[in-house]
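To start, the structure itself, in structure tokens.
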Amino acid sequence: MAVVNANLEFLMVDVGQNGRVSDGGVFSNTTFAKLLSEGNLQIPQSRVVVPGEESLPYVFVADDAFALTKNILKPYTGYHLTRQQEHFNAKLSSARVKVENVFGILANRFQVLLKPINLCPEKATIIVLTCCYLHNFLRQKDTPDSVNTTGSNGQSQGDGNNMLPLEPTHARNSTNLAKRTRDAFCNVINHNNNTNQ
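Numbering (the UniProt record's numbering), first residue to last: 1 to 197.
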């Protein structure tokens, strides 16, 4: 489980969970989830994005495997979405591609991650974390290497088949605040889309 930024760097990584645990279960057992739920992540204060509108919190973009919260933004679900909701989902999906790209780049750069690591869990965890640290170092130094798998558009040039899809969690009683936050982001994205046409 990882949090990445727009520069394709890992901000937080949690490794070592049993592969049989659901993604929601893995997330709920991370230090990140605990800090987020307790309000101890030191996330910047909400800010106004569109003049005259309400301020919006900083959020983490996630997929449907995660619960919608005030600080975790995920797509609308269902079959009867409005055009604005579909547009929002498309924009959110394009932002989530960064996460998929970072894992593709990591696995292609450190090919030890492409197959099972037949070591005790503690050593396997050290290897994975070391690869993540080295990945960040190389991203920050912008060091050209023989396995540069990022295209000019920031997209991973790997085959993209190395990662398993996340499974949705089952307990997702989103709060009204979380739903209002997503709706506000939907309005901002659609407002920006309308002003850019």
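Built from N, CA and C at the ideal position, the CB exists for glycine as well.
In this text the structure is predicted, and so the values were computed from the model without any measurement.
Cα-Cα separation between residue i and residue j, rounded to whole angstroms
i	j	result
residue 260	residue 32	Summary: the structure shown does not reach residue 260, with the chain confined to residues 1 through 197, and so no result is reported for it.
residue 45	residue 37	16 Å
residue 85	residue 79	11 Å
residue 48	residue 115	45 Å
residue 124	residue 10	18 Å
residue 69	residue 56	13 Å
residue 2	residue 181	23 Å
residue 21	residue 138	31 Å
residue 98	residue 65	17 Å
Spatial neighbours of residue i in its chain, beta-carbon cut-off 6 Å, leaving aside the 5 residues before and after
i	result
residue 203	This structure cannot settle anything about residue 203, because the visible part of the chain is limited to 1 through 197.
residue 58	43 and 44
Outcome for residue i when other beta-carbon atoms lying within 10 angstroms are tallied against a minimum of 16
i	result
residue 109	buried
residue 92	buried
residue 83	exposed
residue 6	exposed
residue 39	exposed
Integer-rounded CB distance, given that residue j should sit under 8 Å from residue i
i	j	result
residue 178	residue 54	That belief does not hold up - the Cβ atoms of residue 178 and residue 54 are roughly 15 Å apart, past 8 Å.
Close beta carbons around residue i, own chain, < 8 Å, minus the five adjacent residues each side
i	result
residue 89	75, 76 and 81
Own chain, CB closer than 7 Å to residue i, minus 5 neighbours either side, in chain order
i	result
residue 50	188 and 191
residue 14	1, 30, 31 and 32
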